[in-house]
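Participant: Position in the sequence shown (from 1) plus 3 gives the number in our numbering. Beta carbons: idealized from backbone N, C-alpha and C, even for Gly.
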Amino acid sequence: MSVAHFEPAAGVQGEALDSYKRRFGTLFVDESTRRRGGIGSVVCATNVLGEQFALKTLVIPERDERASEAEYERYEAGLKTAFRQEFECHKAVSGLKGFPHLYGMGEVAGTPAIVMEWVCGETLVRVCDALAVDGAGRMPTLVAAQIGRDVFDLLAHLDFLEGGFVHRDISLANVMVRTSRLSLAEQVEEGFFDVCLIDFGSSTPEGMQGSSFTRVSSLTRKATADFAPPEMLTEDIAGIDALRKSPKIDVYATASVIYRLACGRAPFDLEAEAAQSAAESGDATDSRGEKGSGKNAEATKRAFSPYRVKTEVAPARPVFAHAAAADIAAVVLCEPEVDKALRRACSNAAQAASVDEVRDVLAFVDDQLASVLLACLSADQGKRPTAHEAFNAFSAFCGHYLENVVLSFQGEPLIPCTFDGSGAGSMRDMFAARLAVRIAAWAASVAVLVVVAVSAAYSADGMEASLLLPGMQWQGALEPWMVALALAAPVVLGAVFRGPSLHSRAGFIRASFGVAAASVIEGFVLSNATVAPSSAHASLAAALFAAAAAAWCPFVADFALAVVYGPARKKMRGALPAGAAPRGVFGAAVVALEEPQGDRAREDASVEQEVSADQEDSANQKDSTLEDPRKGGGQSE
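Okay, here's the thing in structure tokens:
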């Protein structure tokens, strides 16, 4: 193909301009790489020097017989204006990290064409398929969040552009992961992704003044309905022009994309809504309301509106891979770092964790991302966080994910994902406050217990007492140490029964049983004893009650200040759908999550080496799986 009337994207003058134009004058294209998107089609092209580019040409449909020549000319002029504006918008971000480099614009056989960098990589459509861990297409939650963090990082840096910039059509097809430097598998292992935004057909400068392009050209530039915010899906609400220039459009769309990666579905099932509207109106239509025939077609279009769906219905709370997994071990197998964190937490636990407990632990941590996504998916544009705030929240989620897995396993509060980036600091303050409250509770309980024990022991010194039980009889003077030991027995027995399970529900129940058992036994003994003077009997009973209450309070404080391990998570799981069967491409190895701790403690070095070898084999298997998408990679719009 010959590119005529070439206009460089950057200022090039003199002899350099002629050389620059000759560089793009003749291009050899590979038609097998052609992809259609928006109002243009993209194909891989190579010049005589062997340099590779992406050539995007405007696609002008043939004139409809029902349209007049004047109408068709206006439509063609609108397409060319839109294509020109895409070039100008792309020029604003060309050269920035995360955006394809733009070389210039010309004409191919009289049709406008843009020459830009050919991005070597994969769109998120193929990345999602390659990294899915179940049949529903869910990616590991941490990996999806890492991709979201890196996309929001790009969007946050757009604030530094003069006049700003809004992409307005972020979707699975318009976000690519470059694989020219690192393969997809290596980026997964590294935890950072070389993401790139493409297709600027709907983009606009944030600070553009005057009427919108749509009103000037009468040509609507659409966004992908599954991911677009409500304001991009309507034309007839007040202040629509200003709403459509806000960077928060990209925040909503990016959150929708990450929702799709992590949950296997978009936040709204527009296909189901369209089908329901069609059924109610008695005619069929697609998710955009663009298909239909018969007398009810127009009624169907009016009944189904993606804008109304996204403004009148709240998005479903995300269900991530861990919560929905039929086989949690198969999912964890795809996450070596999470597996290591779980093993570390299990090795420090008082007792082995069941598979359900492991699922609950991970689902509890993942639920932090759900809260962040739902905040970004607010139908009210003003309530959404900025791209910088979303980046802070995603960074905190990714940075503290493994630590939060351990904390969740231990029943500790999680490090929060805050939009202002203060999560770690607030967590330190929270830990300090919890520690102070716990110390205060124990100090107060011990102080009360000491005062009660010393007072009762001093008062009972030398008292005559007798005890008559079946098969047992005792009579003599009470010693202070006997009274003090009896009053200290509830707290001692409670601590022994609880063991090292400081924050678990089972530990609290065992501690309560120990305190209650000691108190009941001593109360039974006291009820069958005679003390002189008789008024001292009531005093000793009151002392026993006060000692039991003081002994129970610190155990209550320990449990109350911990994250409830069971009920909250069980309730959260109660509404989850049945898990999808894991995909077989990752193998059938199972993580030994229910291995008894006693056996774990007796493992010798050879067994540890065997486990390490198994993990290495699993990682190699995963790498080989992830390498495949690189083959035949290219740019898609």
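1) Of all the alpha helix (DSSP H) runs that stay within the bounds of the segment 492–548, which reach a length of 4 or more residues?
2) Whose C-beta lies closer than 6 Å to the C-beta of Thr314 among residues of the same chain, with five residues either side of it excluded?
3) Verify whether the separation of the beta carbon atoms of Asp229 and Phe163 is less than 9 Å.
4) Do you know offhand how far Ala539's Cα is from Gly517's?
5) Would you call the CB atoms of Pro493 and Trp555 closer than 9 Å?
6) Please go through the same chain and pick out, in chain order, the residues whose beta-carbon is closer than 7 Å to the beta-carbon of Phe102, but skip the five residues on each side of it.
7) Between the C-alpha atoms of Val122 and Arg181, what's the straight-line distance to the nearest angstrom?
8) Please classify Gln55 as buried or exposed, where buried requires at least 16 other C-beta atoms within 10 Å of its C-beta.
9) Quick one: residues in its chain with C-beta nearer than 6 Å to the C-beta of Phe9, no 5 flanking neighbours on either side, listed in chain order?
10) Indicate the three-state DSSP secondary structure (helix, strand or coil) for Arg572 in the structure shown.
11) Which of the three DSSP states, helix, strand or coil, is assigned to Gln413?
12) Look at the alpha carbon of Trp477 and the alpha carbon of Gly465, and state the distance between them as a whole number of angstroms.
13) Whose CA, out of Gly14, Phe203, Val451, Asp67, lies closest to the CA of Cys92?
14) Can the beta-carbon of Arg263 be found less than 9 Å from the beta-carbon of Leu158?
15) Let me make sure I understand the geometry here. Which of Ala390, Ala560, Gln88, Gly17 has the alpha-carbon closest to that of Asp423?
16) Out of Leu61, Ala73, Cys131, point me to the one whose CA is closest to Ala116's CA.
17) Assuming Cys379 contacts Val254 under a Cβ cut-off of 8 Å, what Cβ separation, rounded to an integer in Å, is found between them?
18) Could you compute how far the alpha carbon of Gln413 sits from the alpha carbon of Tyr404?
19) Using the beta-carbon count (16 or more within 10 Å), is Leu365 buried or exposed?
20) If the criterion is Cβ atoms closer than 9 Å, does the pair Asn531 and Leu490 meet it?
21) Could you check if Asp172 is buried or exposed, using at least 16 other CB atoms within 10 Å of its CB as the buried criterion?
22) Considering only their Cβ atoms, is the gap separating Arg513 from Phe500 smaller than 9 Å?
23) Can you tell me which of Asp197, Leu161, Asp137 puts its alpha carbon nearest to the alpha carbon of Thr126?
24) Which of the three DSSP states, helix, strand or coil, is assigned to Cys266?
25) Going by C-alpha to C-alpha distance, which of Arg346, Val358, Ile63 sits closest to Ala85?
26) Per DSSP, Val32 forms a beta bridge with which residues?
27) When you compare the CB positions of Met119 and Ala57, do they come within less than 9 Å of one another, or not?
28) Leaving aside the five residues before and after Arg320 along the sequence, list all residues of the same chain whose C-beta is less than 6 Å from its C-beta, in chain order.
29) May I ask which residues mark the beginning and end of the beta strand (DSSP E) holding Gly98?
30) Measure the alpha-carbon distance for Phe323 versus Ala281 and round it to whole angstroms.
31) Look up Val15 in the DSSP assignment and say whether it is helix, strand or coil.
32) What does the alpha-carbon distance come out to for the pair Ala546 and Ala460?
33) What does a CB cutoff of less than 7 Å around Ser22 pick up in its chain, not counting 5 residues either side in sequence?
34) So, is Ile442 buried or exposed, given that buried needs 16 or more other C-beta atoms within 10 angstroms?
35) To the nearest angstrom, how far is the alpha carbon of Gly151 from that of Ser398?
36) Tell me which same chain residues have a C-beta within less than 7 Å of the C-beta of Ser609, skipping the five on either side of it?
Facilitator: If we stick to the structure as given:
1) If we require 4 residues or more, the alpha helix (DSSP H) runs fully inside the segment 492–548 come out as 508–530.
2) One-based indexing of the sequence shown puts residue 314 at position 311. The residues are Pro233, Ala382.
3) Along the sequence shown, read from residue 1 onward, the residue named residue 229 stands at position 226. Along the sequence shown, read from residue 1 onward, the residue named residue 163 stands at position 160. Their beta carbons are not under 9 Å apart, which means Asp229 does not touch Phe163 by this criterion.
4) Taking the sequence shown and counting its residues from 1, the one referred to as residue 539 is at position 536. Taking the sequence shown and counting its residues from 1, the one referred to as residue 517 is at position 514. The straight-line gap from Cα to Cα measures roughly 26 Å.
5) Stepping through the sequence shown from its first residue, residue 493 is reached at position 490. Stepping through the sequence shown from its first residue, residue 555 is reached at position 552. In this structure, Trp555 lies closer than 9 Å to Pro493 by Cβ.
6) Start at 1 with the first residue of the sequence shown, and residue 102 comes out as number 99. Only Val96, Cys199, Leu200 meet the Cβ criterion.
7) The sequence position of residue 122 within the sequence shown is 119, counting from 1. The sequence position of residue 181 within the sequence shown is 178, counting from 1. Rounded to the nearest angstrom, the two C-alpha atoms are 7 Å apart.
8) By 1-based counting over the sequence shown, the position of residue 55 is 52. Gln55 comes out exposed.
9) In the sequence shown, the residue the question calls residue 9 occupies position 6. Closer than 6 Å at the Cβ level, and outside the excluded window around Phe9, lie Lys24, Phe27, Gly107, Gly109.
10) The count along the sequence shown starts at 1 and reaches residue 572 at position 569. Unreliable placement is indicated for Arg572, whose pLDDT of 45 sits below 50; the coordinate value is still reported in the next sentence. In the structure shown, Arg572 sits in a helix (DSSP, three-state: H, G or I).
11) Numbered from its first residue, the sequence shown carries residue 413 at position 410. Three-state DSSP puts Gln413 in a helix.
12) For the purposes of this step, residue 477 is taken as the residue at position 474 of the sequence shown. For the purposes of this step, residue 465 is taken as the residue at position 462 of the sequence shown. Cα to Cα, the separation comes out at about 15 Å.
13) For the purposes of this step, residue 92 is identified with residue 89 of the sequence shown, where counting begins at 1. Among Gly14, Phe203, Val451, Asp67, the Cα nearest to that of Cys92 belongs to Phe203.
14) As a first step, residue 263 must be located in the sequence shown, where it is residue number 260. As a first step, residue 158 must be located in the sequence shown, where it is residue number 155. In this structure, Leu158 does not lie closer than 9 Å to Arg263 by Cβ.
15) For this step, residue 423 is matched to residue 420 along the sequence shown. If we check each option's Cα against that of Asp423, Ala390 comes out closest.
16) Here the question's residue 116 lines up with position 113 in the sequence shown. Nearest option by C-alpha distance: Leu61.
17) Locating residue 379 in the sequence shown gives position 376, counting from the first residue. Locating residue 254 in the sequence shown gives position 251, counting from the first residue. Between Val254 and Cys379 the Cβ distance is about 5 Å, and since that is below 8 Å, they are a contact.
18) Against the sequence shown, residue 413 aligns to sequence position 410. Against the sequence shown, residue 404 aligns to sequence position 401. Roughly 14 Å separates the two Cα atoms.
19) Residue 365 sits at position 362 when you count from the first residue of the sequence shown. Answer is buried; the Cβ neighbour count reaches 16.
20) As a first step, residue 531 must be located in the sequence shown, where it is residue number 528. As a first step, residue 490 must be located in the sequence shown, where it is residue number 487. No; because the gap between Cβ atoms is not below 9 Å, this pair is not in contact.
21) Walking along the sequence shown from the start, residue 172 turns up at place 169. Under this definition Asp172 is a buried residue.
22) Position 497 of the sequence shown holds residue 500. Position 510 of the sequence shown holds residue 513. Cβ atoms of Phe500 and Arg513: closer than 9 Å.
23) Here residue 126 refers to the residue found at position 123 when the sequence shown is read from its first residue. Nearest option by C-alpha distance: Asp197.
24) Along the sequence shown, read from residue 1 onward, the residue named residue 266 stands at position 263. The answer is helix: DSSP assigns Cys266 an H, G or I state.
25) For the purposes of this step, residue 85 is taken as residue 82 along the sequence shown, with counting starting at 1. The shortest Cα separation from Ala85 among Arg346, Val358, Ile63 belongs to Ile63.
26) As a working note, residue 32 is residue 29 in the sequence shown. Within the DSSP secondary-structure output, Val32 pairs in a beta bridge with Ala48.
27) Taking the first residue of the sequence shown as position 1, residue 119 is located at position 116. Taking the first residue of the sequence shown as position 1, residue 57 is located at position 54. Yes, Cβ-Cβ distance for Met119 and Ala57 is below 9 Å.
28) The residue labelled residue 320 in the question sits at position 317 within the sequence shown. For Arg320, where only same-chain residues beyond five positions count, the Cβ hits under 6 Å are Ala373.
29) On the sequence shown, position 95 is the one that residue 98 refers to. Note, Gly98: premise wrong, no beta strand (DSSP E); not H, not E.
30) For the purposes of this step, residue 323 is taken as residue 320 along the sequence shown, with counting starting at 1. For the purposes of this step, residue 281 is taken as residue 278 along the sequence shown, with counting starting at 1. Rounded to the nearest angstrom, the two C-alpha atoms are 30 Å apart.
31) Here residue 15 is taken as the residue at index 12 of the sequence shown, counted from 1. Coil, per DSSP.
32) Numbered from its first residue, the sequence shown carries residue 546 at position 543. Numbered from its first residue, the sequence shown carries residue 460 at position 457. Approximately 10 Å between the Cα atoms of the pair.
33) Along the sequence shown, read from residue 1 onward, the residue named residue 22 stands at position 19. Answer for Ser22: no residue qualifies.
34) Taking the sequence shown and counting its residues from 1, the one referred to as residue 442 is at position 439. Counting Cβ neighbours within 10 Å, Ile442 comes out exposed, since fewer than 16 surround it.
35) Taking the sequence shown and counting its residues from 1, the one referred to as residue 151 is at position 148. Taking the sequence shown and counting its residues from 1, the one referred to as residue 398 is at position 395. If you take the alpha carbons of Gly151 and Ser398, they lie about 9 Å apart.
36) Along the sequence shown, one-based indexing puts residue 609 at 606. Confidence in Ser609 is poor, its pLDDT being 39 and thus under 50, which makes the residue's placement unreliable; the coordinate value appears in the next sentence. Closer than 7 Å at Cβ, skipping near neighbours: no residue.
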